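Undergrad: Chains as they are written, first to last, in my numbering: chain A, 1 to 339; chain B, 10001 to 11366.
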């Protein structure tokens, strides 16, 4: 036998693999798999759908447009760009307790933060605190790389330059007295952005790092003075700056401004009258944009979204319907042949 | 015909008398100068020729001048060197359109205004592809380099003029004009002209297996008349000039002449040339001069690269790729226009970066940006993937055990790597007959001599017995050596053949008896029996009895009593067997004898004289030229006188007569002794088996004296064609044994006479135009010049004629002719191959006249072939018909089953053969190509007009037949396609010639379309290829040609798929084929299973690939609607590039290699399923659009579900892309799960690996990539996303929604469609079987007589004999 095998040197291996006889599962051949599969998927989807729908219903959202396009709007006066430091007040009331923690967003629409040239226009190395890039920002920042005097702009680029600079103050009007609702501005940016990606240059005094540079053209104050109230919240790790630098995926977006978690309002905003004081700076009319403020609480599935719940319900039901159709087809074509 | 026929030429010159020293030792003076003056000019003028001088010879200057441009023997097959590798390889690679496309994209990305990604990212696909291919090329090249180095450094002994001896040199240092000395078993380093051989006859044997795979030895001949032979070589004085052709790749042709200093020219032929890479065998030493070296050798020039054919599927694919291009352009244009409009509506907002560019220009830029972004839409990588997939498919075909031949230990050879899927689309199969359908193991079956048939019943029984033995032995799994095996016999298949009942008289019961009887012997016989089938022929008792008269001491010459042959008949019989033994090119060798040498002659005197007497008295042809005294005397004086007699003519023998006679006396004694030993050993040897017993029991021939049967069995015949071997073996069975062969003589044993040296004057080798071969010999007994011709009956019958002379002789001859023709027909009916044997006696003057012309033809360089043909034709006239032989060529095993399966698969099978019509029809019956109830249409006509009319008439007939069938079928309640009847067209070569002409070919095609099968007999190789081409081009179908011989090469090359059967007839067919199998039955699995699989795998893979690209690219496209068509993406650019390149590249490959849409067993059982792929149901335009549509749907779902889920939220761009990418990956992978017909653990592994690779990559990337990959820095994106439940909610919804329609479709399709096909096929099978049974019963009842072909009786005389069968 040994000799024989030796002589048959060319004989192919008789293995399941080489002979293409590997045990195989023939998927989908039987309706016996499909129909129960559809039923299970359908039921699961309906279950998820119901859960999502219920959750979404429980989320409260309050949306206030303050663009000021309409003449009736209290911010109409501020749409005139010649007025500097325009402040407008927006009054609203809440019928029932707005459960906390409440997230305070500002929203922009028709704003293309996702367009390619805009998205490219920043210098990640500079933003990670590299002083070399303070002197010579990356050419991706064009045309916001150097100012007209040839001084490097820090932070450079279109994204930084176009940073949203409206500021908000929320007051609850309790018996005619304005009581400011405390905002929590910490931790609104991504942990990775705040701790890893964006770094201030490691110099003792932050301001010195910016010597020889100029602030972005549209900015009122340089980067090291972004937050006058909290010295630690300045430079590239300013939370508002970080939030802005995370470009929105879609042209209608909102960005987290503050959270309401402290003091009397930790449990939420009680029913009552409120007044929103807006420092109106950011121009949106030249691209037909809208500015708004959103108050929302969140759930495990994020913000309010009715679409997902409904979609799950629809798809789940579709699966059930299909399994019934399959059953009919199967009964009609398969059973007679089996005898 | 590329057969390496050796042509014998003898150019006798008067100078030859100088024997040892020869002309070159003559003082150099006058002749030398003359020679130079005369010949220096033409050699330079003629550009078509090459002139070779000895390198170290006296003509140094000429050598320098002539050989300067000739290549040395160093070979370099590498494409690159270390320095040139990079530029050359890149240059080569950029010849591919795919790489140019990648390069274009990469360059486009360097243009700042259209830049879509980081500059280096678009380089990645290009770099990856280039690197992979460059590594592959480099490895291949390195292997070639090592091989070249090894070959170049082989050592060979080359003559050195300084040391006047042979020195060791590397192959690479050998130059044209060098003298090379080789020993036995050495490999020839360059094309050498053979100048000296240690063999006294000046021959040497080479084995060409390195070149063409043929293992039989071929004889080569020293350049005639060189005085080196037998003498010490003094090469430094070699002054001759060699003129030969320029290097070419024709292995079978070499023409030239050698001009000696005295102006004498000697013709050089192929038989003088030793080809590079062949091996010297059985010859101690040879010396040759290099004429072609290195790359100019014939072997190297034949070394063409692998075959490249573009498959049908790939052509279709190209149109779809064009559609993809259109799609891409449309999408990019949309984006461009959209961007322009968007820009126009903006009034310099704060997020505007580049406000100066006009909207139109910005749109233009975006167009190009989008081309970069959407580049994967054009599935360029598909071409690379297809190549890889085909390699995988080839791997599995190559490894299939069902395509492995255990006896030959040979697998299928896949020579063309890129047409696997064409195997699944074959519509026409053109098959050779001999060696393809049949074994091509020729066995002598019966013969007819002098108009008397010798049926060899015992022989028939023996063949049956061997079949039985074989079946038995097969069960014991005997290992057989390749030389003698490969003949699994299909007795069952042949016994199905009713028309050849006479061949197989044994019923099954009888076979069983035989088996019982034989089981004892099988074990002993297994080692040797296989070759014996061909070798041992049981003689016909009648013929033996007649032959015994020849050797009986007393001749009753004039006796006319019954049972005693007339002496004229005896002469015929003797001539017949002499012709069988001599008229061939068989090389004789024996294992015990290392060298092919003619054993010395010994001629028992006893009966010789009587024989002579008889020959003289009773030959009807003039035998009187030889007077009795000349042959009287001692044996060696007889031979010497024969030789001496030759000397008086215009030629001499190279072997000095005294040489032969001198050695003959001791040789005689030796052999008498050995013969005794032989007979002893034989008695107790291997032949003591059943053969011997049977012989003893049935015939008296075993009583032959032992010395006549001495060492027959030790002789090995190496024949170029199996027919020749069969005939030589047949002659041997009648004690007419070919014992040895040299260039000038043959040693033949004759019964009752003993060994005779027969002087061989010429061999006119076989060629397919003449369809015959001849030998010219000096008859050993009568001393006359005799021509023996052996050839196809059609040719020989025309060339024979009634001899002039007595009425009596004429009458006898007419009778013989008539009888022989009758026997021929009956042989053909039995499916035997027939050959006619004829002879002719030449007058000396006649011979001399012919000889002159022949010599002229041989020595001419220009149109030598034509001249030789003409010369041969001049000789082969006025032949006398001796008899005919019938050779049996059995069907290979499982041929009928295979043909039936192929026909059921919707493949039309044509048989193109060079055989007789009757033989072809019978084989067609035997292999079930022709069924009893088929209508046979015979087309044979003599003129074009007749042919046109005939085709018309046959068409009408078919029409009529179809009508009647439909009406008839109507009564049966069946459609005509169900019934087993059909039309089979049988056409012969002449008719085919007419039918293939421009104005008739349409009629022919139309007619043949309506026929179930077509059999073309008597067709030439050219016609075969014409037929294939005609059908292929006119009908636009996929054609497969299968053949085994050199005559099938053109057909194989023309067909879409060429398949070579590696069988008995050399390797030409295999070399030119795309696939080479060893048996015809392998076609069944190759086509039905592998063909279908390959096709459907590839088609599905292509569709999947296109789907994958369209689906993924559209996600990016939809995003453009939300980013102002600015060309931004929501994914990290590395992930984007890797998505196609890494994450989803392996699954389609696995899908393309491993998917099995239907199990192999089902495909084998239901050949009808083949029609699915044959009509390319999988890959049709609608499938393409269906796939693209599905891809659009899925991408819409995949984009817009996340869109609505995240709309209005604070989601960042990369965070938005994260669930989209993840669900796209899941959708793409699960889509494949749905589409796969089978899932094995490999699939699962690859799918799991792909997805985990993706998730692993993006997670890792989002952790470690701090500032990298701007502007789409992924830091923290995926980790954050995947920590949120929303991500999974979105992914689940997206995946399920996207796959739902496909899932539903597939489920419904599988439930309804595929089972329906299987069922209906099964129903069809049952129906047709039932119907066939009924038809057979009906046939048996109604027309039992009609089963024999009607047309065979006189087919050629009736121009339009359209005989209807059934």
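From the three backbone atoms N, C-alpha and C, an ideal C-beta is built for every residue, glycine too.
Quick caveat: nothing in here was measured; it's all calculated off a predicted structure.
Evaluate contact between the region 11166 to 11184 of chain B and the region 11084 to 11100 of chain B, counting only Cβ atoms and requiring at least three cross-stretch pairs below 8 Å.
TA: Because the criterion of three Cβ pairs below 8 Å is met, the region 11166 to 11184 of chain B and the region 11084 to 11100 of chain B touch.
Undergrad: Go through its chain and collect everything with a Cβ distance to residue 11015 of chain B's Cβ below 6 Å, but skip five positions before and after it.
TA: Cβ within range, chain order: 10911, 10920, 10924, 10986.
Undergrad: Measuring straight from C-alpha to C-alpha, what distance separates residue 10120 of chain B and residue 10369 of chain B?
TA: Rounded to the nearest angstrom, the two C-alpha atoms are 15 Å apart.
Undergrad: Starting from residue 10050 of chain B, trace the beta strand (DSSP E) in both directions and tell me its first and last residue.
TA: Here the beta strand (DSSP E) through residue 10050 of chain B covers 10049 to 10052.
Undergrad: Consider the Cβ of residue 198 of chain A: report whether some Cβ of chain B lies at a distance smaller than 8 Å.
TA: Answer no: the Cβ-Cβ gap between residue 198 of chain A and chain B never drops below 8 Å.
Undergrad: Would residue 10293 of chain B and residue 10435 of chain B be called neighbours here (beta carbons separated by less than 8 Å)?
TA: No, the pair does not count as a contact, with Cβ atoms beyond the cut-off.
Undergrad: Give a yes or no on whether 8 Å exceeds the smallest Cβ distance from residue 263 of chain A to chain B.
TA: By this cut-off, residue 263 of chain A is not an interface position.
Undergrad: Just to make sure I have the definition right: I need the residues of chain A whose C-beta is within less than 9 Å of the C-beta of residue 10348 of chain B. Which are they?
TA: Correct list: 286, 287.
Undergrad: For the region 11278 to 11307 of chain B, list every residue whose C-beta sits within 9 Å of some C-beta in chain A, in sequence order.
TA: From the region 11278 to 11307 of chain B, only 11279, 11280, 11284, 11285, 11286, 11289, 11290, 11292, 11293, 11296, 11297, 11300, 11303, 11304, 11306, 11307 have a Cβ closer than 9 Å to chain A.
Undergrad: From which residue to which residue does the beta strand (DSSP E) around residue 10762 of chain B run?
TA: Residue 10762 of chain B -> beta strand (DSSP E) spans 10754 to 10767.
Undergrad: Quick one: what's residue 291 of chain A bridged to in DSSP?
TA: Partner(s): A:108.
Undergrad: If residue 10883 of chain B sits next to residue 10448 of chain B, beta carbons under 8 Å apart, how far is it from one beta carbon to the other, in whole angstroms?
TA: At roughly 5 Å, the Cβ-Cβ gap stays under 8 Å, so residue 10883 of chain B and residue 10448 of chain B are in contact.
Undergrad: Alpha carbon to alpha carbon, how far is residue 238 of chain A from residue 210 of chain A? Give it in angstroms, no decimals.
TA: Roughly 15 Å between the two C-alpha positions.
Undergrad: Residue 11087 of chain B: which of B:10280, B:10366, B:10898, B:10200 sits nearest, CA to CA?
TA: Nearest option by C-alpha distance: B:10898.
Undergrad: Would the C-beta of residue 11038 of chain B count as close to the ligand COA, meaning under 7 Å from any of its heavy atoms?
TA: Because no ligand of any kind appears in the structure shown, any question about the ligand COA cannot be addressed here.
Undergrad: Counting contacts by CB-CB distance shorter than 8 Å, is residue 305 of chain A in contact with chain B?
TA: Chain B, which has a Cβ nearer than 8 Å to the Cβ of residue 305 of chain A, makes this yes.
Undergrad: Would the beta-carbon of residue 10917 of chain B fall within 8 Å of that of residue 10879 of chain B?
TA: Cβ atoms of residue 10917 of chain B and residue 10879 of chain B: not closer than 8 Å.
Undergrad: Any idea what DSSP makes of residue 10326 of chain B, helix, strand or coil?
TA: Correct three-state label for residue 10326 of chain B: helix.
Undergrad: Assuming residue 10114 of chain B is part of the alpha helix (DSSP H), what are its boundary residues?
TA: Segment: none, residue 10114 of chain B is in no alpha helix (DSSP H) and carries neither H nor E.
Undergrad: Does DSSP classify residue 10276 of chain B as helix, strand or coil?
TA: Note: residue 10276 of chain B maps to coil in three-state DSSP.
Undergrad: Does the Cβ-Cβ distance between residue 11127 of chain B and residue 10337 of chain B come in under 8 Å?
TA: The answer is no: Cβ separation not under 8 Å.
Undergrad: Specify, as a first and last residue, the run of the alpha helix (DSSP H) that residue 9991 of chain B falls within.
TA: Beyond the ends of chain B as shown, which are 10001 and 11366, falls residue 9991 of chain B; an answer cannot be given.
Undergrad: Would a C-beta distance cut-off of 8 Å place residue 11253 of chain B and residue 11274 of chain B closer than the cut-off?
TA: Contact: no.
Undergrad: With a cut-off of 8 Å on the beta carbons, I'd call residue 11069 of chain B and residue 11049 of chain B a contact; round off their distance for me.
TA: Contact flag correct, Cβ pair sits at about 6 Å.
Undergrad: Locate the beta strand (DSSP E) running through residue 10839 of chain B, then write down its first and last residues.
TA: Start and end: 10833 to 10842.
Undergrad: What first and last residue would you give for the beta strand (DSSP E) that runs through residue 10773 of chain B?
TA: Where residue 10773 of chain B is concerned, the enclosing beta strand (DSSP E) stretches over 10772 to 10778.
Undergrad: Check whether chain A comes within 8 Å of residue 11094 of chain B, counting only Cβ atoms and requiring the distance to be less than that.
TA: Not closer than 8 Å to any Cβ of chain A, the Cβ of residue 11094 of chain B fails to qualify, so no.
Undergrad: Taking just the CA atoms, how far does residue 90 of chain A sit from residue 64 of chain A?
TA: For residue 64 of chain A and residue 90 of chain A, the distance between alpha carbons rounds to 8 Å.
Undergrad: What residues of chain B sit near residue 318 of chain A, judged by a beta carbon separation below 8 Å?
TA: In chain order: 11300.
Undergrad: Of all Cβ atoms in chain A, is any one closer than 8 Å to the Cβ of residue 11025 of chain B?
TA: For residue 11025 of chain B, the answer is no, since every Cβ of chain A falls outside 8 Å of its Cβ.
Undergrad: Would you be able to state if there are at least three C-beta pairs under 8 Å between the region 237 to 255 of chain A and the region 11218 to 11225 of chain B?
TA: The answer is no - the region 237 to 255 of chain A does not touch the region 11218 to 11225 of chain B, with fewer than three Cβ pairs under 8 Å.
Undergrad: Hey, out of B:11210, B:10571, B:10958, whose CA is closest to residue 10881 of chain B's CA?
TA: Closest option to residue 10881 of chain B, Cα to Cα, is B:10571.
Undergrad: So, at 6 Å on beta carbons, what are the nonlocal neighbours of residue 53 of chain A in its own chain, with the 5 sequence-adjacent residues on each side left out?
TA: The residues are 309.
Undergrad: Would residue 328 of chain A count as contacting chain B if we go by Cβ distances under 8 Å?
TA: Not closer than 8 Å to any Cβ of chain B, the Cβ of residue 328 of chain A fails to qualify, so no.
Undergrad: Which runs of the alpha helix (DSSP H) spanning at least 4 residues fall entirely within the region 219 to 250 of chain A, listed in chain order?
TA: You should have 239 to 245.
Undergrad: What's the C-alpha gap between residue 48 of chain A and residue 11257 of chain B?
TA: Cα-Cα distance, rounded: 29 Å.
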